[in-house]
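Enquirer: If you read the protein sequences in the order shown, they are chains G and U.
With our numbering applied, the first sequence covers 5 to 314.
With our numbering applied, the second sequence covers 1034 to 1360.
From the three backbone atoms N, C-alpha and C, an ideal C-beta is built for every residue, glycine too.
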Amino acid sequence: MAAVDHIADRFRRALDSDIYYSFRQSRLTMLSALVTLLFLAAAAFAPWIAPHNPFDLASLDLSNALKPPFWMEDGTLAFPFGSDDQGRDVFSTILFGARISLMVGLFSVVFALLLGVSLGLISGYVGGVVDSIIMRIADVQLSFPAILIALMIDGVVRGIVSGQEYERIAVFVLVVAIGLSFWVQYARTVRGSVLVERNKEYVQAARVVGLSPTLIMIRHVLPNVMGPVLVIATINLAIAIILEATLSFLGIGVPPTTPSLGTLINIGNNYLFSGQWWITLFPGLALAVLVLAVNLLGDWLRDALNPKLR
Amino acid sequence: MIAFVIRRLLQSVLVMLTVAFVAFSLFNYVGDPIQAMVGQDVSLADRAQLRKQLGLEDPVIIRFARFVGNALEGNFGVSYRMQEPVGRLIRERLPASLELSFIAAAFALLAGVPMGVYSGLYPRRWLSRLFLSVSLVGAALPTFLIGILLIVFFAVLLPLLPSFGRGDVVKIGWWSTGLLTASGLKALIMPAITLGLFQVTLIMRLVRAEILEVMRTDYIKFARARGLTNRAVHYGHALKNTLVPVITITGLQLGQIIAFSIITETVFNWPGMGLLFVQSLQFADIPVMATYLVLIAFFIVVINLVADLLYFAVDPRLRSDVATKAH
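(1) Taking Cβ positions only, does Leu155(G) come closer than 8 Å to chain U?
(2) Near Ile1296(U), which residues of its chain fall below 6 Å by C-beta distance, leaving aside the five closest residues on each side in sequence?
(3) Are any of the Cβ atoms in chain G nearer than 8 Å to that of Pro1175(U)?
(4) Locate the alpha helix (DSSP H) running through Ile1136(U), then write down its first and last residues.
(5) Tell me where the beta strand (DSSP E) around Lys1204(U) begins and ends.
(6) Under 8 Å, Cβ to Cβ, is there at least one residue of chain U near Arg195(G)?
(7) For Ala1242(U), return the contacting residues in chain G, with the cut-off set at a CB-CB distance below 8 Å.
(8) Is there a Cβ of chain G sitting closer than 8 Å to that of Ile1329(U), yes or no?
(9) Go ahead and pull the three-state DSSP assignment for Ser112(G).
(10) Measuring straight from C-alpha to C-alpha, what distance separates Leu125(G) and Phe176(G)?
(11) State the Cα-Cα distance for the pair Glu1125(U) and Pro1304(U), rounded to the nearest angstrom.
(12) What is the C-beta distance between Gly257(G) and Leu251(G), in whole angstroms, given that I count them as a contact (C-beta under 8 Å)?
(13) CA-CA distance, Ala1056(U) and Val1266(U)?
(14) Give the single residue among Asp20(G), Glu201(G), Phe27(G), Val114(G) whose Cα lies nearest to the Cα of Asp307(G).
(15) For Phe1197(U), which residues of its own chain have a beta-carbon under 7 Å away from its beta-carbon, when the five flanking residues on both sides are left out?
(16) Can you tell me whether His56(G) is buried or exposed, with buried defined as 16 or more other CB within 10 angstroms of its CB?
(17) Would the beta-carbon of Ser1209(U) fall within 8 Å of that of Pro1128(U)?
(18) Measuring only between beta-carbons, confirm whether Pro73(G) sits less than 8 Å from chain U.
(19) According to DSSP, is Gln1111(U) helix, strand or coil?
(20) Who are the neighbours of Asn1337(U) on chain G, taking C-beta pairs under 8 Å?
(21) With 8 Å set as the bound, which would you pick, yes or no: does the beta-carbon of Ile1095(U) sit closer than that to a beta-carbon of chain G?
(22) Under 8 Å between C-beta atoms, does Val1233(U) make it to chain G?
(23) Pop quiz: Val188(G) and Gly120(G) are said to be a contact at Cβ under 8 Å. What is the actual Cβ separation, rounded to whole angstroms?
(24) Show which residues of chain U have a CB atom less than 9 Å away from the CB atom of Trp187(G).
(25) Which residues in the same chain as Ala297(G) place their Cβ atom closer than 6 Å to its Cβ, once the five residues preceding and following it in sequence are excluded?
(26) Are the stretch 278 to 285 of chain G and the stretch 81 to 93 of chain G touching, with three or more C-beta to C-beta distances below 8 Å?
(27) Thr1250(U) by DSSP, collapsed to three states: which one?
(28) Alpha carbon to alpha carbon, how far is Ile1280(U) from His1360(U)? Give it in angstroms, no decimals.
(29) Going along chain U, which residues have a C-beta under 8 Å from Trp281(G)?
(30) Taking 8 Å as the cut-off, does the stretch 1100 to 1119 of chain U touch the stretch 1255 to 1263 of chain U (at least 3 CB pairs, one atom from each stretch)?
(31) What are the boundary residues of the beta strand (DSSP E) that includes Ser1313(U)?
(32) Would you list the one or two residues that DSSP bridges to Thr1210(U)?
(33) With a threshold of 8 Å between beta-carbons, can Val1048(U) be considered close to chain G, or not?
(34) Can Leu32(G) and Leu300(G) be called in contact, C-beta distance under 8 Å?
(35) Gly214(G): beta carbon under 7 Å from a heavy atom of the ligand ZN?
(36) Quick one: Cα of Leu1342(U) to Cα of Ile1333(U), how far?
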């Protein structure tokens, strides 16, 4: 019973907090949260919601190819947003594509966060030569656009492994490439906060008690620098989704056998001039709405957690 | 001042050497350069011979020094895919990319600054709100999607503008320009808007924030108290003071624009360096990839350096020797 009370109490306090208040104050933020949740749900349950399984080759029928959306002449409700050149339902491919896009986006943000936060903690807490080396690498990397770094990493892996092998690990490579292009922001932010925190009494007290540096960093310093990290992570999620879509659009992201939203837009792009605009437009709209919603959430979180704006 | 310049120059050289080392490692450790040059039919002994001839057995430091020396002379090796010197490939495509980037940057300034000034001076008008919402959407849309939407509207639905290529170009020396022909200019419109749109939103928000801040300061109130006209206050006093950060940011963004032209060039099939780079990625054409990386790094480093020095020259508060004298 005590545990339930504890959780209920936590919940009540969360509803009472400033952040929840500012969330309720902004209709746009609530709408973006709703849209993001819808996308997450659609991606998670795609195999059960989607009217067709676009990757089950046996169920595809070429006589269904290039059907227009249902409100147009010759369109049917079986393919609400029309179908592509192989007779795949565009609505279903969007659901499955959003799944890949969100997965790559989330994993690459988590990867960048873990890498950046650890390097930032080490850099700030250890200092000295280690700090200089990490921060010089960060400086050099920061002067390049993230997309160029992700492209280079992807290109190098392509040079090392063979084509078939590459297709198998493409998603993994993409997560690492996008993650590696983002770690600097986390590292810099965390390092800055650690430099402030490390001289405060509670850290000195922990040191006097005799805790190991690793324990002090993780148990004591880390929780106090997580606020800005969360804000960066939300904003980065939108950028990571865009980056993944861009790489896939350029034809160097996920393979066409497991298309993300970017791959779908790329495939549809070939049909623009023959009049089948729906193959590219609907995945494009889905991507735009998803990115906009995540972006707005990130903006709101940044303002809500910024004490200067209260 | 001189110490600052020297320190900045040393930093830039260090960055360039780091990037050159990455490029050099790509050459040497990704794939086998001999394999790429001779193919399958050459015996192992001949390969070893060639290896020695090309100096691939020398210590890393010597090979790296040779690589940097070659690069300084504009010798970047031969493309695996096209069997042509990379230096020549890049030189043929450089004008297309640079023209596109500069026009996009000019568009970003010409659209972004007035929009920012208007929405900063009159934040409550509906047009300002419209600008802000548009900039929110513009910042969220991926570049390639903007390009595709433009193509849908202005090339497919209304066949007004060409959707690929540069149009007719004129040669001036080795530089080929599309700015002197009607079809070249027409072909430039959509790519330049696509590439510049994100920067428009950025510059607009920056100018707006700066103007909002400046309009609250005492010297603006004082200028009003002196009875100056709105025009003199807005443009003579407020705008002038917001331009320093705008110039720096635009300068720094130029490097981003050149790098982001990769996407725009792919969407519009624009025959520039970015398109060459994307094609070389798909074939793991290491010499082209490495050269592109070094070149972009060079552009970005030079632009950052110039922006830093400009900032230093324009803003007296940054000159530390002046600051210490005042004490």
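Expert: From the atom records:
(1) At least one chain U Cβ lies under 8 Å of Leu155(G).
(2) Counting only Cβ-Cβ distances below 6 Å, and skipping sequence neighbours, we find Thr1176, Phe1177.
(3) At a cut-off of 8 Å between beta carbons, Pro1175(U) contacts chain G.
(4) Run containing Ile1136(U): 1119 to 1154, per the alpha helix (DSSP H) assignment.
(5) Element bounds for Lys1204(U): 1203 to 1205.
(6) False, the Cβ-Cβ gap to chain U never drops below 8 Å.
(7) Simply none; closest approach about 13 Å.
(8) At least one chain G Cβ lies under 8 Å of Ile1329(U).
(9) Three-state DSSP puts Ser112(G) in a helix.
(10) Looking at the two C-alpha atoms, the distance is approximately 26 Å.
(11) For Glu1125(U) and Pro1304(U), the distance between alpha carbons rounds to 9 Å.
(12) Yes, they are in contact, since the Cβ atoms of Gly257(G) and Leu251(G) sit about 4 Å apart, within 8 Å.
(13) The alpha-carbon separation between Ala1056(U) and Val1266(U) amounts to approximately 52 Å.
(14) Considering only alpha carbons, the answer is Phe27(G).
(15) Short of 7 Å from the beta carbon of Phe1197(U), and not among the five residues preceding or following it, lie these beta carbons of its own chain, in chain order: Phe1301, Asn1302.
(16) That one is buried.
(17) Yes, they are a contact pair.
(18) Contact with chain U is absent for Pro73(G), since none of that chain's Cβ atoms lies less than 8 Å from the residue's Cβ.
(19) A small fix is needed here, since residue 1111(U) is Val in this sequence, not Gln. Here Val1111(U) carries a strand assignment [DSSP, helix/strand/coil].
(20) Result: Ser147.
(21) Answer no: the Cβ-Cβ gap between Ile1095(U) and chain G never drops below 8 Å.
(22) It does not; no Cβ of chain G falls within 8 Å.
(23) About 7 Å; that satisfies the 8 Å criterion.
(24) Going along chain U, no residue has its Cβ under 9 Å from Trp187(G), so there is no contact; the nearest lies around 17 Å.
(25) Scanning its chain for C-beta atoms nearer than 6 Å, with the 5 sequence neighbours on each side dropped, one finds around Ala297(G) the residues Ser36, Val39, Thr40, in chain order.
(26) The stretch 278 to 285 of chain G and the stretch 81 to 93 of chain G touch, with no fewer than 3 CB-CB distances between them shorter than 8 Å.
(27) In the three-state scheme derived from DSSP, where H, G and I count as helix and E and B as strand, Thr1250(U) is classed as coil.
(28) Unreliable positioning characterises His1360(U) in this predicted model, as indicated by a pLDDT of 43, which lies under 50. A coordinate reading is not provided.
(29) Going along chain U in sequence order, the residues near Trp281(G) (Cβ under 8 Å) are Val1185, Val1189.
(30) The stretch 1255 to 1263 of chain U vs the stretch 1100 to 1119 of chain U: no contact.
(31) Ser1313(U) -> not in any beta strand (DSSP E); alpha helix (DSSP H) instead, spanning 1306 to 1315.
(32) Thr1210(U) pairs with Val1203(U).
(33) It does: the Cβ of Val1048(U) has a partner Cβ on chain G nearer than 8 Å.
(34) Taking 8 Å as the cut-off, the beta carbon of Leu32(G) is found closer than this to the beta carbon of Leu300(G).
(35) Looking at this structure, you won't find the ligand ZN or any other ligand, since it has none at all.
(36) So the alpha carbons of these two residues sit roughly 14 Å apart.
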